[in-house]
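Below is one structure, written out as structure tokens; the observations come after it.
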Amino acid sequence: MKTTLHYRVKWLLALAGLAVAGAGHAQTALPGKLEAESYTSMTGVALEATTDTGGGSDVGWIDANDSMTYSVNPGSAGWYNVQYRVASATGGGQVVLAQNGKAIGETTTLPNTGGWQNWTTVSAHVFLAAGPQSLTVQARAGGFNLNWINFSPETTGVTLPAIRQNGKFWVDNAGNRVNLRGVNLGNWLALEMWMMNSNLSNNGAGIGDQCHLESALSGRFGAAEKERLMSVFRDSWISGRDFDLMKGMGMNVVRLPFLYSLIEDDAHPYTLRPDAWKYLDYAINEAEKRGMYVILDLHGAAGGQAAASEQHDGCAGAAEMWTNTTYRDRTKWLWDMIASRYKNRSSVAAYDLLNEPWGTDATTLANFAYELFNVVRAKDANHVILLPGHNSGIDAYGNPNTRGLSNVAFWMHFYPGLWGWNEVQGATAQANMHATWLHCNASGTGESCDWNNKLTALNTPFLIGEFQPWTLTGSYGGQITRKTYDIYNMYGWAATSWAYKTVSYGGSNGDTNSWGWGLVSNSSNGGGFGALDVGSATNAAIESYFRGFGTQALVRNESIAYWMNWKAEAGQRIEAEMFSNHSGMRMETTTDTGGGFNVGNIDTNDWMSYPINVPKTGGYNLQFRVASPNNGGQLVLSKNATDLAALAVPNTGGWQNWTTITGTVYLTAGQQDLAIFARAGGWNINWWSLTAQ
Ligand SMILES: [Ca+2]
Ligand SMILES: [Ca+2]
Ligand SMILES: [Ca+2]
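Going letter by letter, the sequence shown gives residues -26 to -1, 1 to 667 in mature numbering (1 follows the signal peptide of the UniProt record, and there is no 0).
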């Protein structure tokens, strides 16, 4: 009934000459308010007087597929908050912004406002390029009136303290050390096909890298539709829920791998894509809102920089940037653009100039990285610039300090236990291998200690840009992951693990004993997806498949989530191996009840400390879970080098024969560091506790 009347009235309006184009054909500068009636062209709508605040006209008689096109001029590229001023007596309206016949934002569903002149404001957001352009408002479903649309720059309302170098440490602008611990957003803005183990194929053949996926899509549907489908993938693989999940797992930084072709128009070198900053801005905004930093990581440069066998720079095959000066020049141009855009953005923690640029020798890499450093520094005086590690190390750089460089850091990627580096079989052996890597030998050298000594001598900060401690360590995975972050932070290093999300077409079973490379994976309950042959599927089917990555159910590794959020607390078992600082200790797997790790290698004068909040001043009962094949052990609980309690550690008949010794202590309330000190060593400790009397 409504529909019949609706069409009849629209027809009558047209007859009466009332459905004329809006008076204002002028270009609307954005940010600003776009009157709905100021369209330059439309299909199927009509104007009417409005009783909304401010009066004037609204656009009514909007049915599905009706549209209005406007001439707008955004002053700068970026994300805009969009406010639709709408009224509806029926509800069910749906609106989307489009350009060149393609949606460029999310579809927004509009409410029933209780009348055709009862107005409300509905929010959305969209990325717009700078400069004059047309913008179409498309009705996906009709049944609403539109008075105006307001565009304002999207801001997070959050300003994070800027990160800079102070000697070997990452500090904030107040000079406080910042323990950066985060994860890589792999397979998002730089695909690695294995991470979606997806049964993706092209005419029955596997797809080896992003280049082949994109060329298959271009070949079938043309470059514009390929770009649209890739945008659908990017809009889907990562969204707000993922930043919530990362935050919930204790992360305060995200390393963001991207390909040059996300920014530079590959068909027109030295030209920014219209949507060049869409995804980097989005990620920075989403991280910043949650108090998290971003490290911008050029994962694939023009021509490719990685070893020939690697797909992670976009295309497997030769690293042509090292033999072609144009590619290196384009890479300099790209960093000039990036530094110009983000120079004042304090939530960007650092620029990661090139990922694993191992298609050349260490000296060539160092020389080019210093060239890139100068390009960035010419535009951006603020940000820390990361010099890329070669697979042979960082020695070819010499000492950046003696070159007079500031706000500079190195990165390496450490993967013990994988690809021939200390590979051992079985979760327990893997866990002990990681524990060995994280600790010094008796002379304060070896394993990760050598790197700490090297970076200390260089007086330069360090990022472990990639590492993976959980996939082969079974039930030890969560704890060894936390411990890896703790030890790296103790050295002063930032650390970002690889990676946030991996999926498989059947879904993960959520079993932490056989967990893959993601902190999260798709659930076997509602997260699965099937095969897709991009050589024969319709573009609608490909779009639907890509969209599925945004809606599939996810499961997180609960062991990692637990340990990343673990802290020493009164009244609970405090795992001895979760010290935040130490001298001379190391962890190892234990066969005591409950498993996990104990602390061993305890020699006389070794110590370890724990930040803890003592809830109230008074007496506390102490328990220490210890084992020793020796007589004469002495354990002291201390604070600021003052003894609070001393206990004898008995001979229990073996390093893994455990007993619990008890004592008492008087503590004052408040946040403090408590230390366990070995007045006489030769014992192990698994856990301890303090409980108010
Ligand atoms: Ca209006
Ligand atoms: Ca020791
Ligand atoms: Ca323990």
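Backbone N, C-alpha and C fix where the C-beta goes; we use that ideal spot for every residue, glycine too.
query: To which residues of the same chain is Ser366 closer than 7 Å at the C-beta, ignoring the five residues directly before and after it?
result: Along the sequence shown, one-based indexing puts residue 366 at 392. Taken in chain order, the residues that qualify are Ala336.
message: From the DSSP secondary-structure annotation, give me the bridge partner or partners of Arg530.
response: As a working note, residue 530 is residue 556 in the sequence shown. DSSP output for Arg530 lists Val494 as bridge partner(s).
message: Which residue marks the beginning of the alpha helix (DSSP H) containing residue 673, and which one marks its end?
response: Nothing in the structure corresponds to residue 673, since the chain is present only between -26 and 667.
task: Taking Thr455 as part of the alpha helix (DSSP H), name the residues at either end of that continuous run.
output: Stepping through the sequence shown from its first residue, residue 455 is reached at position 481. That run of the alpha helix (DSSP H) goes Gly451 to Tyr465.
- prompt: Is it the case that the CB of Ser31 approaches a heavy atom of ligand 5 more closely than 8 Å?
  reply: With respect to ligand 5, the structure offers nothing, as its ligand set consists of ligand 1, ligand 2 and ligand 3.
- prompt: Within the chosen definition, does the region 628 to 647 reach the region 584 to 596 through at least 3 CB pairs nearer than 8 Å?
  reply: yes
query: Just checking my contact of Glu330 with Ala280 at CB under 8 Å: how many whole Å lie between their CB atoms?
result: Counted from its first residue, the sequence shown places residue 330 at position 356. Counted from its first residue, the sequence shown places residue 280 at position 306. The pair is a contact, with the Cβ atoms about 5 Å apart (cut-off 8 Å).
field: Neighbourhood of Gly224 by C-beta distance below 6 Å, restricted to the same chain and skipping five residues each side
entry: As a working mapping, residue 224 is identified with position 250 in the sequence shown. Closer than 6 Å at Cβ, skipping near neighbours: Met538 and Asn539.
query: Where does residue 674 land, buried or exposed, given buried means 16+ other C-beta within 10 angstroms?
result: In this structure the chain extends from -26 to 667, so residue 674 is not present and cannot be described.
task: Specify the secondary structure class of Glu260 as computed by DSSP and reduced to three states.
output: Your numbering for residue 260 matches position 286 in the sequence shown. Helix at Glu260.
- prompt: Do Ser97 and Val56 have their C-beta atoms closer together than 9 Å?
  reply: Within the sequence shown, residue 97 is the residue found at index 123, counting from 1. Within the sequence shown, residue 56 is the residue found at index 82, counting from 1. Yes.
- request: Return the CA-CA distance between Ala469 and Gly149, expressed in angstroms with no decimal places.
  value: Looking up residue 469 in the sequence shown gives position 495. Looking up residue 149 in the sequence shown gives position 175. The straight-line gap from Cα to Cα measures roughly 19 Å.
query: Taking the alpha-carbon positions, what's the Ala620 to Thr567 distance?
result: Translated into positions along the sequence shown, residue 620 becomes position 646. Translated into positions along the sequence shown, residue 567 becomes position 593. One C-alpha to the other measures close to 25 Å.
field: Alpha-carbon spacing of Asp37 relative to Asn121, whole angstroms
entry: Residue numbering aside, residue 37 sits at position 63 when the sequence shown is read from its first letter. Residue numbering aside, residue 121 sits at position 147 when the sequence shown is read from its first letter. Cα-Cα distance, rounded: 16 Å.
message: Between which two residues does the alpha helix (DSSP H) holding Trp211 run?
response: Translated into positions along the sequence shown, residue 211 becomes position 237. Unbroken alpha helix (DSSP H) run through Trp211: Ala197 to Trp211.
- request: Report the three-state DSSP secondary structure of Gly180 (helix, strand or coil).
  value: Here the question's residue 180 lines up with position 206 in the sequence shown. Reduced to three states, the DSSP call for Gly180 is strand.
message: Count Cβ pairs between the region 235 to 246 and the region 316 to 324 that sit closer than 8 Å; are there 3 or more?
response: no
message: Only counting the same chain, and skipping five residues up and downstream in sequence, which positions put a Cβ closer than 7 Å to that of Thr17?
response: Locating residue 17 in the sequence shown gives position 43, counting from the first residue. Taken in chain order, the residues that qualify are Asp40 and Ser41.
query: Out of Asn614, Asn595, Ala622 and Asn660, which has the shortest C-alpha to C-alpha gap to Asn605?
result: On the sequence shown, position 631 is the one that residue 605 refers to. It is Ala622 whose Cα lies nearest to the Cα of Asn605.
task: Say whether the region 362 to 376 touches the region 393 to 400, bearing in mind that this needs 3 or more beta-carbon pairs closer than 8 Å, one atom from each stretch.
output: no
task: Please state whether DSSP places Lys76 in a helix, a strand or coil.
output: Working through the sequence shown from its first residue, we reach residue 76 at position 102. Three-state result, Lys76: strand.
- request: Look at Val508 and Asn496 and say whether their C-beta atoms are less than 9 Å apart.
  value: Taking the first residue of the sequence shown as 1, we reach residue 508 at position 534. Taking the first residue of the sequence shown as 1, we reach residue 496 at position 522. Cβ distance not < 9 Å, so Val508 and Asn496 don't count as in contact.
message: Assuming Leu174 and Met167 are in contact, meaning their beta carbons sit under 8 Å apart, how far apart are those beta carbons, in whole angstroms?
response: Along the sequence shown, one-based indexing puts residue 174 at 200. Along the sequence shown, one-based indexing puts residue 167 at 193. That pair is a contact at about 7 Å.
field: Neighbouring residues (CB closer than 7 Å to any heavy atom of ligand 3)
entry: Glu549, Ala550, Glu551, Thr564, Gly570, Phe571, Asn572, Asn660 and Trp661
query: Assuming Phe125 contacts Leu8 under a Cβ cut-off of 8 Å, what Cβ separation, rounded to an integer in Å, is found between them?
result: Taking the sequence shown and counting its residues from 1, the one referred to as residue 125 is at position 151. Taking the sequence shown and counting its residues from 1, the one referred to as residue 8 is at position 34. Sure, about 7 Å apart at Cβ, within 8 Å.
Burial state of Tyr244, where buried means 16 or more other Cβ atoms lie within 10 Å: Here residue 244 corresponds to residue number 270 of the sequence shown, with the count starting at 1. So Tyr244 counts as exposed.
- prompt: Who are the Cβ neighbours of Asn658 in its own chain at under 6 Å, not counting the five residues just before and after it?
  reply: Translated into positions along the sequence shown, residue 658 becomes position 684. Asn572, Gly574, Ala601 and Trp629.
message: According to DSSP, His556 sits in a beta bridge with which residue or residues?
response: Residue numbering aside, residue 556 sits at position 582 when the sequence shown is read from its first letter. Paired residues: Met582.
message: Extract the residue ranges of the alpha helix (DSSP H) inside the region 327 to 355, only unbroken runs of 4 or more that lie entirely within it.
response: 336 to 353
- prompt: Rounded to a whole number of angstroms, what is the C-alpha to C-alpha distance between Leu(-14) and Ala20?
  reply: If you number the sequence shown from 1, residue -14 lands on position 13. If you number the sequence shown from 1, residue 20 lands on position 46. Here Leu(-14) scores only 49 on pLDDT, less than 50, and its place in the model is too uncertain to base an answer on.
- request: Measure the C-alpha to C-alpha separation of Ser612 and Ile548 and round it to an integer number of angstroms.
  value: As a first step, residue 612 is located in the sequence shown; it is residue number 638 there, counting from the start. As a first step, residue 548 is located in the sequence shown; it is residue number 574 there, counting from the start. Approximately 16 Å between the Cα atoms of the pair.
- request: Assign Gln404 to buried or exposed, taking buried as 16 or more other Cβ atoms, counted over all protein chains shown, within 10 Å of its Cβ.
  value: Position 430 of the sequence shown holds residue 404. Buried.
- prompt: Short check: CB of Leu412 to CB of Arg560, under 9 Å?
  reply: As a working mapping, residue 412 is identified with position 438 in the sequence shown. As a working mapping, residue 560 is identified with position 586 in the sequence shown. Taking 9 Å as the Cβ cut-off, Leu412 and Arg560 qualify as a contacting pair.
- prompt: Around ligand 2, which residues pass a check of Cβ closer than 5 Å to any of its heavy atoms?
  reply: Gly558, Asn575, Asp577 and Asp580
Spatial neighbours of Gly655 in its chain, beta-carbon cut-off 8 Å, leaving aside the 5 residues before and after: Position 681 of the sequence shown, counted from the first residue, corresponds to residue 655. Closer than 8 Å at the Cβ level, and outside the excluded window around Gly655, lie Ile576, Asp577, Thr578, Asn579, Asp580 and Gly607.
- request: Evaluate contact between the region 129 to 145 and the region 443 to 456, counting only Cβ atoms and requiring at least three cross-stretch pairs below 8 Å.
  value: no
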